[in-house]
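Undergrad: Residue numbers (our numbering), protein chains in the order written: chain A, 1 to 237; chain B, 1001 to 1185.
We treat Cβ as the ideally placed atom computed from N, Cα and C, and that holds for glycine.
Quick one: structure below, then a few questions.
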Amino acid sequence: MTTVTRTGHAVAVENVWKLFPVGDDVVRALVDIGFTAAYGEFVALMGPSGSGKSTLLHLLGGLDRPTKGTIAVNGAPTGGLTESQFATLRHSAIGFIFQSYNLIPFLSAVENVELPLMFEPVDRRSVRTRATELLELVGLGHRLHHRPARMSGGEQQRTAIARALIGSPVVVLADEPTANLDHRTGESVIALLEDLCARLGVTVIASTHDPAVAEHATRVLRMSDGRITEEVTHVRS
Amino acid sequence: MRPALAYGLLAARRRARSLVLPAATVATGAFLLVMVVVLMPAVRVQGAAFGRAADIGRAAVVISVLVLLVGALEVAITATRSIVARTREIGVLSGFGVPPRSIVVGLLVEPVATAAAGGLAGAVLGAAAAVTGSAAGLIAAAPAPGPVVSAVSAAFGVSLVAAALASAPPAVRAARRPPLVSLTG
């Protein structure tokens, strides 16, 4: 487990383009995207399917590379990083929350939370303590040893949130975090993400169709056809 | 490397039910190989009675080696299937920045452990059956300890090496795949 020093913006995106060749054509998935996100900010990427939200999240997390432009995470430009260096950056500074949770079916909730640190020579007991604390933080202290098949969608998503936090990331990237949840469970997940930003100073960037997520975000970036068409900042009292 | 091995062992333990069939196939191959090697002197004696001692001995060895190879192939097929089934898990691990080498080690533990368990169980059972058969007077020649130990070691070793060699390429391919491909594939 490595501690990351916070420098500059949590995320800085400048003139980013992503083009996909499809046959003889080129699909412009992202067109000249630029924005910054401060530490502790909750940014919602809103827009219809195909507007480029997920592609942008993939680029921010290094799961894919931009065709053009620069992306910096925690003040460090990522353009020149090798796959292995980006993997190290992901490991130390970025947490993912996937739409379909992607929990490992044969691991219990607490083991799933420990997963990103399971391959490191760290003290197992301290990792277990931290994973337990995180599950308690997301309200699952009573489900530590349950496997995903025995948990509800909301519980699985909360476990995925705890897993994203185990490496003490600077940025958490959430792909449609409420898409598979009922309204009430979705609300509680949003409140949890909002709380993470406020209490832990984690920057959350979430793609969403859900207006409720946007209401809780400190900033909303509306996307359409691969462009940011509107930026709304919410001032919190 | 130890954490990756520990993860692989945990996965193999939790997924043990799906590994019973390939382990049993490897065990059958190892059992037959040990039986053939241990019983070879007796087979030669019986074969001599038919005047074809060498031919019968060779045929028995070929059959047992084929059975063992089929067992190893079964482990390899199971490993490939298991890696395909674990594609998302591999994507999640890559997504969280786990190095490919650690993922490969974690994935290889399962087929190798399956082959080790199956190979050892089959070889030991084969040796026990040969010794028991000899004690009961069912086998003409008593098996010597040297060939028994050699046969058990060979059956165990061949199972282990075949499983490791057959499982390594799909594991390496899966670990090197971009995480996005594994997550969306």
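1. For residue 1054 of chain B versus residue 1170 of chain B, is the C-beta spacing smaller than 8 Å?
2. Once DSSP output is grouped into helix, strand and coil, what is the label at residue 195 of chain A?
3. Between residue 1097 of chain B and chain A, is the shortest Cβ-Cβ distance under 8 Å, so that the two count as touching?
4. Quick test of the definition: if touching needs 3 or more C-beta pairs under 8 Å, does the region 79-90 of chain A touch the region 51-64 of chain A?
5. Can you round the beta-carbon distance between residue 1097 of chain B and residue 91 of chain A to whole angstroms, since I take them to be within the 8 Å contact cut?
6. Just the chain A side, please: which residues come within less than 7 Å of residue 1011 of chain B by C-beta, in chain order?
7. What residue does the beta strand (DSSP E) around residue 233 of chain A start on, and which one ends it?
8. If you measure from the beta carbon of residue 21 of chain A to each beta carbon in chain B, is any gap under 8 Å?
9. Can you list the residues of chain A that residue 1102 of chain B reaches, using a CB-CB cut of under 7 Å?
10. Which residues in the same chain as residue 1133 of chain B place their Cβ atom closer than 7 Å to its Cβ, once the five residues preceding and following it in sequence are excluded?
11. Using the rule of at least 16 other Cβ atoms within 10 Å of the residue's Cβ for burial, across every protein chain shown, is residue 125 of chain A buried or exposed?
12. Are the region 91-106 of chain A and the region 150-167 of chain A touching by the rule of at least three beta carbon pairs closer than 8 Å?
13. With 8 Å set as the bound, which would you pick, yes or no: does the beta-carbon of residue 102 of chain A sit closer than that to a beta-carbon of chain B?
14. When we look at the beta-carbon of residue 151 of chain A and count the other beta-carbons within 10 Å, is it buried (16 or more) or exposed?
15. With distances taken Cα to Cα, identify the nearest neighbour of residue 66 of chain A among A/35, A/46 and A/31.
16. Can you look up residue 112 of chain A in the DSSP assignment and give me helix, strand or coil?
17. How big is the Cα-Cα spacing for residue 33 of chain A and residue 178 of chain A?
18. Assuming contact is defined by CB atoms lying nearer than 8 Å, are residue 110 of chain A and residue 137 of chain A in contact in what I supplied?
19. Measure the alpha-carbon distance for residue 1123 of chain B versus residue 1010 of chain B and round it to whole angstroms.
20. Just checking residue 1124 of chain B against the ligand ADP - is the residue's beta carbon closer than 7 Å to any of the ligand's heavy atoms?
21. Check whether the Cβ of residue 1004 of chain B lies closer than 8 Å to any Cβ atom in chain A.
22. How would you call residue 1035 of chain B, buried or exposed, if buried means at least 16 neighbouring beta carbons within 10 angstroms?
23. Assign residue 1095 of chain B to one of two classes, buried (16 or more other C-beta atoms within 10 Å of its C-beta) or exposed (fewer than that).
24. Can you pull out the residues from the region 181-214 of chain A whose beta carbon lies closer than 8 Å to at least one beta carbon of chain B?
25. Can you grab the Cα-Cα spacing for the pair residue 231 of chain A / residue 1022 of chain B, in whole Å?
26. Taking just the CA atoms, how far does residue 75 of chain A sit from residue 251 of chain A?
27. Mind checking the region 73-90 of chain A against chain B and listing, in chain order, the residues whose C-beta falls within less than 9 Å of any C-beta there?
28. Please name the residue or residues paired with residue 18 of chain A in a DSSP beta bridge.
29. Residues of chain A with CB under 8 Å from residue 1180 of chain B, in chain order?
30. Okay, do the region 5-22 of chain A and the region 210-222 of chain A touch, 3+ Cβ pairs below 8 Å being the bar?
31. Do you know how far the Cα of residue 1150 of chain B is from the Cα of residue 1031 of chain B?
32. Alpha carbon to alpha carbon, what distance is there between residue 129 of chain A and residue 119 of chain A?
33. Thinking residue 181 of chain A and residue 139 of chain A are a contact (beta carbons under 8 Å), I'd like their distance in whole angstroms, please.
34. Judging by CA-CA distance, which residue of A/174, A/68 and A/47 is the nearest neighbour of residue 58 of chain A?
35. Do you know offhand how far residue 123 of chain A's Cα is from residue 106 of chain A's?
36. Closest by CA to residue 1039 of chain B, which one among B/1152, B/1110, B/1103 and B/1073?
TA: In terms of the structure at hand:
1. The residue given as residue 1054 of chain B occupies position 54 in the second sequence. The residue given as residue 1170 of chain B occupies position 170 in the second sequence. No, these two residues do not count as a Cβ contact at 8 Å.
2. Working through the first sequence from its first residue, we reach residue 195 of chain A at position 195. In the structure shown, residue 195 of chain A sits in a helix (DSSP, three-state: H, G or I).
3. As a working mapping, residue 1097 of chain B is identified with position 97 in the second sequence. Interface residue, yes.
4. yes
5. Indexing the second sequence from 1 puts residue 1097 of chain B at position 97. Indexing the first sequence from 1 puts residue 91 of chain A at position 91. Confirmed, about 3 Å.
6. As a position in the second sequence, residue 1011 of chain B is number 11, starting the count at 1. Under the 7 Å cutoff, chain A gives 106.
7. Residue mapping note: residue 233 of chain A aligns to position 233 of the first sequence, counting from 1. Here the beta strand (DSSP E) through residue 233 of chain A covers 227-233.
8. In the first sequence, residue 21 of chain A corresponds to position 21, counting from 1. Not an interface residue.
9. Counting from one through the second sequence, the residue named residue 1102 of chain B turns up at place 102. Under the 7 Å cutoff, chain A gives 119.
10. Within the second sequence, the letter at position 133 stands for residue 1133 of chain B. The answer, listed in chain order, is 1139.
11. Start at 1 with the first residue of the first sequence, and residue 125 of chain A comes out as number 125. Per the 10 Å Cβ criterion, exposed.
12. yes
13. Mapped onto the first sequence, residue 102 of chain A falls at position 102. Answer yes: the Cβ-Cβ gap between residue 102 of chain A and chain B drops below 8 Å somewhere.
14. Looking up residue 151 of chain A in the first sequence gives position 151. Result: buried.
15. To locate residue 66 of chain A, count along the first sequence from 1; it is residue 66. Of the listed residues, the one whose Cα sits closest to residue 66 of chain A is A/31.
16. Indexing the first sequence from 1 puts residue 112 of chain A at position 112. Helix at residue 112 of chain A.
17. For the purposes of this step, residue 33 of chain A is taken as residue 33 along the first sequence, with counting starting at 1. For the purposes of this step, residue 178 of chain A is taken as residue 178 along the first sequence, with counting starting at 1. Each residue's alpha carbon lies about 25 Å from the other.
18. Translated into positions along the first sequence, residue 110 of chain A becomes position 110. Translated into positions along the first sequence, residue 137 of chain A becomes position 137. Going by C-beta atoms, residue 110 of chain A is not nearer than 8 Å to residue 137 of chain A.
19. As a working note, residue 1123 of chain B is residue 123 in the second sequence. As a working note, residue 1010 of chain B is residue 10 in the second sequence. C-alpha separation (whole angstroms): 25 Å.
20. The ligand content of the structure shown is nil, which means the ligand ADP is not present either.
21. Walking along the second sequence from the start, residue 1004 of chain B turns up at place 4. Closer than 8 Å to some Cβ of chain A, the Cβ of residue 1004 of chain B qualifies, so yes.
22. On the second sequence, residue 1035 of chain B is found 35 positions in, with the first residue counted as 1. Label assigned to residue 1035 of chain B: buried.
23. Here residue 1095 of chain B is taken as the residue at index 95 of the second sequence, counted from 1. Flag for residue 1095 of chain B reads buried.
24. none
25. By 1-based counting over the first sequence, the position of residue 231 of chain A is 231. By 1-based counting over the second sequence, the position of residue 1022 of chain B is 22. When rounded, the distance between both Cα atoms is 57 Å.
26. Lying before the first or after the last residue shown, residue 251 of chain A is absent from chain A, which here runs from 1 to 237.
27. 83, 84, 86, 87, 88, 89 and 90
28. On the first sequence, residue 18 of chain A is found 18 positions in, with the first residue counted as 1. A/30.
29. Counting from 1 along the second sequence, the entry for residue 1180 of chain B is found at position 180. The answer, in chain order, is 58, 63 and 64.
30. no
31. Locating residue 1031 of chain B in the second sequence gives position 31, counting from the first residue. Locating residue 1150 of chain B in the second sequence gives position 150, counting from the first residue. Spanning the two alpha carbons is a distance of roughly 13 Å.
32. The count along the first sequence starts at 1 and reaches residue 119 of chain A at position 119. The count along the first sequence starts at 1 and reaches residue 129 of chain A at position 129. Using only the alpha carbons, I get a separation of about 17 Å.
33. Sequence index remark: in the first sequence, residue 181 of chain A carries index 181 (1-based). Sequence index remark: in the first sequence, residue 139 of chain A carries index 139 (1-based). That belief does not hold up - the Cβ atoms of residue 181 of chain A and residue 139 of chain A are roughly 14 Å apart, past 8 Å.
34. Looking up residue 58 of chain A in the first sequence gives position 58. That would be A/174, whose Cα lies nearest to the Cα of residue 58 of chain A.
35. Within the first sequence, residue 123 of chain A is the residue found at index 123, counting from 1. Within the first sequence, residue 106 of chain A is the residue found at index 106, counting from 1. Taking the straight line joining both Cα atoms gives about 22 Å.
36. Counting from one through the second sequence, the residue named residue 1039 of chain B turns up at place 39. For residue 1039 of chain B, the nearest C-alpha among the options comes from B/1152.
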